[in-house]
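Colleague:
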């Protein structure tokens with residue numbers, strides 16, 4: 002568990018400050034891992050995917066791959 006904690010902390014610290022949305026999703030994922038809660042983990046994964054779609058659309062991309 003200590004290695005997992007160290008890896009999680011290093012990952013969170015590597016996220017740029019302007020990407021607070023990713024930081025929030027990372028913390029939710031970490032909480033789910035610690036609590037071994039599949040429901041929280043699933044919601045956090047969905048939140049992150051939605052944020053990535055929004056970022057793609059903001060940059061003029063296509064989230065459907067068309």
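Numbering (the numbering used here), first residue to last: 2 to 67. Cβ atoms here follow ideal geometry from the backbone N, Cα and C, with glycine treated the same way.
Of all the options 25, 59, 56 and 61, which has the alpha carbon lying nearest to the alpha carbon of residue 44?
Modeller: Selected option, being the one with the closest Cα: 25.
Colleague: Over what stretch of residues does the alpha helix (DSSP H) that includes residue 36 continue unbroken?
Modeller: Residue 36 -> alpha helix (DSSP H) spans 21-36.
Colleague: Check residue 13 in the structure and name its three-state DSSP category.
Modeller: Residue 13: helix per DSSP, three-state reduction.
Colleague: Near residue 29, what residues of its chain come up, given a Cβ to Cβ distance below 6 Å and the 5 sequence neighbours on each side ignored?
Modeller: Same-chain partners within the cutoff: 45.
Colleague: Based on Cα-Cα distance, which residue from 31, 22 and 19 lies nearest to residue 11?
Modeller: Minimum Cα distance to residue 11 is reached at 31.
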